[in-house]
Amino acid sequence: MKWFNTLSHNRWLEQETDRIFDFGKNSVVPTGFGWLGNKGQIKEEMGTHLWITARMLHVYSVAAAMGRPGAYSLVDHGIKAMNGALRDKKYGGWYACVNDEGVVDASKQGYQHFFALLGAASAVTTGHPEARKLLDYTIEIIEKYFWSEEEQMCLESWDEAFSKTEEYRGGQCQYARGGSFLDCL
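Using our numbering, you'd call the opening residue of the sequence shown number 276 and step up by one each time.
Shown next, in the form of structure tokens:
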């Protein structure tokens with residue numbers, strides 16, 4: 276008998292899933308979701324990264340879909356963070372990293388914006404009233420700044436004002452794009 280097809284394996288998977296959900300709850304900070312150390316403590320010196328906040332929005336959207344208690348409030352927190360301190364209200368898109376005092380890294384990184392797409396698309400499945408607006412905005416930013424029709428690939432990063440992009444085209448950004456686009460289907 277294969278272990279993958281057993282009830283005990285399914286129970287183990289569910290326990291591990293709940294353990295991960297419980298561990299991640301510790302990452303809530305005022306500006307989004309923070310960097311956790313191995314023992315689940317916030318590493319304040321790391322700031323609040325867009326990619327972590329967006330991934331946690333995705334994780335707790337999945338948890339909400341699974342009916343996990345408290346998950347929807349974390350989806351709400353993630354959406355507020357994506358519309359709050361992380362969002363660049365002057366030039367658009369999101370900062371790479373912020374903290375309680377302001378912007379730490381103002382660059383606009385493709386990899387991180389594609390995780391914003393993943394988080395926003397997942398949040399739509401929860402029925403949150405702000406999720407669709409967040410997804411539409413994210414798609415607009417990605418289409419405008421992170422897709423090169425001429426090159427048929429994603430642009431890696433921009434400066435804060437979206438006035439200068441780097442020439443490097445890396446695999447990690449392309450990989451994150453693929454997963455995020457699939458999540459939007």
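Virtual Cβ for every residue (Gly too), placed ideally from N, Cα, C.
- Beta bridge pairing from DSSP links R343 with no other residue.
- Counting every other CB atom within 10 Å of its CB across the protein chains shown gives H284 a total below 16, marking it as exposed.
- The three-state secondary structure of T323, taken from DSSP, is strand.
- Contact annotation: F437 and Y420 have beta-carbon atoms nearer than 8 Å.
- Each of K277, R294, A360 was checked against the Cα of G307, and the nearest Cα belongs to A360.
- Per DSSP, N285 lies in no beta strand (DSSP E) segment; the continuous alpha helix (DSSP H) that holds it begins and ends at 282-299.
- Taken through DSSP and simplified to helix, strand or coil, L349 comes out as helix.
- The beta carbon of F298 sits closer than 6 Å to those of G315, all from its chain and outside the five residues before and after it, given in chain order.
- Of the candidates C372, D363, M331, R362, the residue whose Cα lies closest to the Cα of L349 is M331.
- Apart from sequence neighbours up to five positions away, the residues of its chain that approach G368 with a beta-carbon distance below 6 Å are K383, I416, ordered along the chain.
- The continuous alpha helix (DSSP H) containing G394 extends over residues 385-399.
- The beta carbon of A340 sits closer than 8 Å to those of T400, T401, all from its chain and outside the five residues before and after it, given in chain order.
- Within the model, the alpha-carbon separation for L325 versus W422 is close to 19 Å.
- Each of E435, F389, A396 was checked against the Cα of M428, and the nearest Cα belongs to F389.
- Only residues of its own chain outside the window of five on either side were considered, and among them F296, A346 have a CB closer than 7 Å to the CB of A338, listed in chain order.
- For M357, no pairing in a beta bridge is given by DSSP.
- Bridge pairing for I317: L311 [DSSP].
- Residue pairing by DSSP places M428 opposite S423 in a beta bridge.
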